[in-house]
Structure formats: C-alpha cells, structure tokens
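Visitor: Position 70 of the sequence shown, counting from 1, maps to 70 under full-length UniProt numbering, and the rest follow consecutively.
C-beta atoms are modelled at their ideal positions from N, C-alpha and C, and glycine is treated no differently.
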Amino acid sequence: MTISHSSIMEKAADATAKATPLSVARRVRGLSDRAIAWLFIAPAISLLLAINIFPLLWAIYLSFTNYRANRPNAPVQGVGLGNYERVLNDPDIWQAMQTTAHFVFWTILLQTVIGFTLAYLIDRKFRGHAFWTTIILIPMMLSPAVVGNFWRFLYEPQIGLFAYAVSLVSGIPTSDIQMLGNVSLAPWAIVIVDTWMWTPYVMLICLAGLRSIPDYIYEAAEVDRASPWRQFWSITVPMALPFIMLAVLFRGIENFKMFDMVTLLTGGGPGSVTEVASITLKRAAFESWATGRASAFAIILFVAVFGLANIYVKALNKVKQR
C-alpha cells in the first residue's frame, strides 16, 4: 500500500495543529500573511544587521574620531573630516591605490580572456571535455592559504619548478629568477597566481553564457551562409557579453579587496611594491593603531567600490536590454 506525499503532509499538519497550544493558535490565526512572513524573516534580518550594518555604522562613527584600539580607555574626541583629509593627502595611500589598480586591471584582463577562451573550447564538447573541465576547476577549489604556500614554493629560485622551467626555456640561471624578491617581477608573480586560481571561476560563468545561446540562432546563421568567424562576433560574443561582464564585476570586487594572497606571497614587499590598499589598511589599523584614520580609509574604499560597481551594474543592465 502506497501513501501519497500530500496525505503525509496533511497528517503532519494536523498533528502540528493539534499539538499547538490554543492560546498560540489564536494569536497566529489573527496574524496576516504579511505579518507571518515578517515573523519568519525577522531572525535573518536581525543577524544581518548585527553582522554587517552595525559594524559599518560603527566604522563611520570612528572615522570622525581620534579613537585608537590600543587605548580603549583614552578619551575619544571628534576630529571632523581630519582623518579623511589625511588619507586623501597621503602619498603612500595613493601609491597603494595605484598598485591595487594595476593588480585589478591585469588580473581581470587575463582571467577574462583566458576564461572565455577555455569556456569556448569546452563548449565545443570534444572528447574528454568533462574530464578536462574538472581538471581546470581544481585551482578554484583550493583555499588561498594552500595556493599561496604552494606557489611560494614554486617561486623558490633554487628548488622551485617555476624557476627551473623558465631557466630551461630562456637559459637564465635559476639563481637570477627572483620572482618574489625582484621589484619588477613581484607584482607579476601575484598576477600569475591569482589568474591561475580564479580563471576557472570566470570560465564557469562564461560557459553558462555560451550554453544559454539557442542552437536555432546558429542554424539560421548557417542557412544565411555566415562564416564561423562571423557567427562568433555577431552571435557568440554579443549574447555571452552579459555573462562576461558579470564575471568581471565579481572578480573586480574581490580583487580590489585582495589581502590573503598578497600577504602569503610577498607581504607587500619587496619594499612596498606589492602593498595593495588592503595591506595599507591593515597596517594603519593593527600596526600603527590609528583606528580612526583606518576607518576613514575603509569608508573611502567602500564608497569607491560601491560607486564604481553601481555605475558598472547600470551599464550591465543596458547590455541585457539590447
């Protein structure tokens, strides 16, 4: 004898109703659907406010004060816009922002080009494409700590495989290949690692865009005798463009606040050539203990990222509406 799923649900509902105290049942019966919905989502909203909104408001308050976390009992005084003026007039911070912009630009460019190329090749569904897709996704599944230490070992000039491979191709001695210790090569070393790790993420989003293109559009193009090159630029790229832009948005936000990978590989060195904005913020907050100034810097970064992302999303919506 089989029991339908609906009958099981009805019996469970009847049992719950009978077990509910009469006073509680009367209160719930008097609530509207909207009130019941708010009753269920209230805990999630409260948790969101406690974790995200309150720290943001607290940081905004601290950015207008001279508060120092290592002196919690010292009197807190308001400094107005003084912290913001110091941040915006600090040449070291502008240098860190320039380093961050360099890192964001090149990682997004390489990840988008390589990711879309891999997605396009995998979308051809050649023999063994599922296996190679799994292999390509492995770097994305690893934690940044594992990736950072793994590539730090690869970059070792004496025993690292990266230096050995470059030496084998170029003939340069391995001792001269200082990827993490050379001022010119250290920024590119970080770009290589981030590209290796997160290109699969961009590939997945681009692959979803390519798989969403209906086959009949290509069939109609073949009837019109459109060449594969013409189909690529007139059908594939325009219809996959919203997905490509979405991948750029996600990776741009994440790379703008990059911290763990740079810390594991170079720690901001040699010198300060790889010191991105997040490391400068960390040093101001937890080494100089200038909590108020660090809060002002954090708010400036937040406004910059939020403003640029908002403009980018508007452009993305216009592309979707075409």
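1) Using CA coordinates, which residue listed in Val262, Ala294, Arg86 and Pro242 is at the minimum distance from Tyr312?
2) Scan the segment 76-102 and note each continuous alpha helix (DSSP H) run of 4 residues or more that stays entirely inside, going in chain order.
3) Pick from Ala44, Ala101 and Leu88: whose alpha carbon is nearest that of Ile253?
4) Could you give the DSSP three-state label for Thr65: helix, strand or coil?
5) Should Asn149 be labelled buried (16 or more other beta-carbon atoms within 10 Å of its own) or exposed?
6) What do you reckon, are the CB atoms on Trp265 and Ile190 nearer than 7 angstroms?
7) Specify, as a first and last residue, the run of the alpha helix (DSSP H) that Arg251 falls within.
8) Quick check: what's the CA-CA separation for Ile114 versus Ile122?
9) By how many angstroms is the C-alpha of Trp229 removed from the C-alpha of Leu41?
10) So, at 7 angstroms on beta carbons, what are the nonlocal neighbours of Phe153 in its own chain, with the 5 sequence-adjacent residues on each side left out?
11) On the criterion of 16 or more Cβ atoms from any shown chain inside 10 Å, does Tyr216 qualify as buried, or is it exposed?
12) Given a cut-off of 7 angstroms on the beta-carbon distance, is the pair Gln77 and Asn70 in contact?
13) For Cys206, which option in Ala240, Ala74, Leu109 and Ile53 has the closest C-alpha, if you only look at C-alpha atoms?
14) May I have the straight-line CA-CA distance separating Glu275 from Leu281, to the nearest angstrom?
15) What span of residues does the alpha helix (DSSP H) with Ser167 cover, start to end?
16) Using alpha carbons as the reference points, say which of Pro144, Ala290 and Ala130 lies closest to Gly82.
17) Starting from Phe150, follow the alpha helix (DSSP H) in both directions and report where the run begins and ends.
18) Are three or more beta carbon pairs between the segment 172-185 and the segment 104-114 nearer than 8 angstroms?
19) Under the rule that 16 or more other beta-carbon atoms within 10 Å means buried, what is Ser63, buried or exposed?
20) Does DSSP classify Gly128 as helix, strand or coil?
21) Between Trp58 and Gln231, what straight-line distance do the alpha-carbon atoms span, to the nearest angstrom?
22) Where does Phe297 sit, in a helix, a strand or coil, going by DSSP?
23) Where does Arg127 land, buried or exposed, given buried means 16+ other C-beta within 10 angstroms?
24) Thr99: buried (16+ other C-beta within 10 angstroms of its C-beta) or exposed?
25) If you follow the alpha helix (DSSP H) that Glu287 is in, where does it begin and where does it stop?
26) Under 7 angstroms, do Met258 and Tyr201 count as touching if we go by C-beta distance?
27) To which residues of the same chain is Phe162 closer than 6 angstroms at the C-beta, ignoring the five residues directly before and after it?
28) CB-CB under 6 angstroms to Met203, same chain, minus the five flanking residues each way: which ones, in chain order?
29) With C-beta atoms as the reference, is Thr107 less than 7 angstroms away from Asn310?
30) Shortest alpha-carbon distance to Arg251 belongs to which of Asp260, Thr195, Ser234 and Ile213?
31) Give me the Cα-Cα distance between Leu39 and Ala130, rounded to the nearest whole angstrom.
32) Which term fits Ser212, buried or exposed, when burial requires 16 or more other beta carbons within 10 angstroms of its beta carbon?
33) Thinking Val193 and Met261 are a contact (beta carbons under 8 angstroms), I'd like their distance in whole angstroms, please.
34) Let me know the secondary structure DSSP gives Pro157 once reduced to three states.
Guide: Taking the structure as given:
1) Within the sequence shown, numbered from 1, the residue matching residue 312 stands at position 312. For Tyr312, the nearest C-alpha among the options comes from Pro242.
2) 82-88
3) By one-based count along the sequence shown, residue 253 stands at place 253. Checked all of Ala44, Ala101 and Leu88; the closest Cα to Ile253 is Ala101.
4) Translated into positions along the sequence shown, residue 65 becomes position 65. Strand.
5) Against the sequence shown, residue 149 aligns to sequence position 149. Under this definition Asn149 is an exposed residue.
6) Counted from its first residue, the sequence shown places residue 265 at position 265. Counted from its first residue, the sequence shown places residue 190 at position 190. For the sequence presented, residue 265 should be read as Leu rather than Trp. Cβ distance < 7 angstroms, so Leu265 and Ile190 count as in contact.
7) For the purposes of this step, residue 251 is identified with residue 251 of the sequence shown, where counting begins at 1. Per DSSP, the unbroken alpha helix (DSSP H) holding Arg251 starts and ends at Val237 to Phe256.
8) One-based indexing of the sequence shown puts residue 114 at position 114. One-based indexing of the sequence shown puts residue 122 at position 122. When rounded, the separation of the alpha-carbon atoms in Ile114 and Ile122 is 12 angstroms.
9) Counting from 1 along the sequence shown, the entry for residue 41 is found at position 41. Counting from 1 along the sequence shown, the entry for residue 229 is found at position 229. One point to set straight first is that residue 41 is Ile, not Leu, in the sequence displayed. If you take the alpha carbons of Ile41 and Trp229, they lie about 51 angstroms apart.
10) The residue given as residue 153 occupies position 153 in the sequence shown. If we look at Phe153 and ignore the five residues flanking it on each side, its Cβ neighbours are Gly160.
11) Position 216 of the sequence shown, counted from the first residue, corresponds to residue 216. That one is exposed.
12) Taking the first residue of the sequence shown as position 1, residue 77 is located at position 77. Taking the first residue of the sequence shown as position 1, residue 70 is located at position 70. Their beta carbons are not under 7 angstroms apart, which means Gln77 does not touch Asn70 by this criterion.
13) Translated into the one-based positions of the sequence shown, residue 206 becomes position 206. Of the candidates Ala240, Ala74, Leu109 and Ile53, the one whose C-alpha sits nearest the C-alpha of Cys206 is Ala240.
14) In the sequence shown, counting from the first residue as 1, residue 275 sits at position 275. In the sequence shown, counting from the first residue as 1, residue 281 sits at position 281. Near 10 angstroms, if we compare the C-alpha coordinates of Leu281 and Glu275.
15) As a working mapping, residue 167 is identified with position 167 in the sequence shown. Leu161 to Ser170 is the extent of the alpha helix (DSSP H) around Ser167.
16) Taking the first residue of the sequence shown as 1, we reach residue 82 at position 82. With distances taken between Cα atoms, Gly82 lies closest to Ala290.
17) Taking the first residue of the sequence shown as 1, we reach residue 150 at position 150. Pro144 to Leu154 is the extent of the alpha helix (DSSP H) around Phe150.
18) Because the criterion of three Cβ pairs below 8 angstroms is not met, the segment 172-185 and the segment 104-114 do not touch.
19) One-based indexing of the sequence shown puts residue 63 at position 63. Buried, because 16 or more other Cβ atoms sit within 10 Å of the Cβ of Ser63.
20) What you label residue 128 is simply residue 128 of the sequence shown in a count that begins at 1. Correct three-state label for Gly128: coil.
21) The residue labelled residue 58 in the question sits at position 58 within the sequence shown. The residue labelled residue 231 in the question sits at position 231 within the sequence shown. Taking the straight line from one Cα to the other gives about 53 angstroms.
22) Position 297 of the sequence shown holds residue 297. The answer is helix: DSSP assigns Phe297 an H, G or I state.
23) The residue you call residue 127 lines up with position 127 of the sequence shown. Of the other Cβ atoms in all chains shown, fewer than 16 fall within 10 Å of the Cβ of Arg127; this residue is therefore exposed.
24) For the purposes of this step, residue 99 is taken as residue 99 along the sequence shown, with counting starting at 1. It counts as buried.
25) Within the sequence shown, residue 287 is the residue found at index 287, counting from 1. That residue, Glu287, is in no alpha helix (DSSP H); it is neither H nor E in DSSP.
26) In the sequence shown, residue 258 corresponds to position 258, counting from 1. In the sequence shown, residue 201 corresponds to position 201, counting from 1. At least 7 angstroms separates the beta-carbon of Met258 from that of Tyr201.
27) Residue mapping note: residue 162 aligns to position 162 of the sequence shown, counting from 1. Around Phe162: Leu154 and Tyr155.
28) Locating residue 203 in the sequence shown gives position 203, counting from the first residue. Hits under 6 angstroms: Gly115, Leu118 and Ala119.
29) As a first step, residue 107 is located in the sequence shown; it is residue number 107 there, counting from the start. As a first step, residue 310 is located in the sequence shown; it is residue number 310 there, counting from the start. Going by C-beta atoms, Thr107 is not nearer than 7 angstroms to Asn310.
30) Taking the sequence shown and counting its residues from 1, one reaches residue 251 at position 251. Among Asp260, Thr195, Ser234 and Ile213, the Cα nearest to that of Arg251 is on Thr195.
31) For the purposes of this step, residue 39 is identified with residue 39 of the sequence shown, where counting begins at 1. For the purposes of this step, residue 130 is identified with residue 130 of the sequence shown, where counting begins at 1. C-alpha separation (whole angstroms): 45 angstroms.
32) Start at 1 with the first residue of the sequence shown, and residue 212 comes out as number 212. The residue in question, Ser212, is exposed, as its Cβ has fewer than 16 Cβ neighbours within 10 Å.
33) Indexing the sequence shown from 1 puts residue 193 at position 193. Indexing the sequence shown from 1 puts residue 261 at position 261. Sure, about 6 angstroms apart at Cβ, within 8 angstroms.
34) For this step, residue 157 is matched to residue 157 along the sequence shown. Looking at Pro157 - three-state DSSP - the assignment turns out to be coil, as it is neither helix nor strand.
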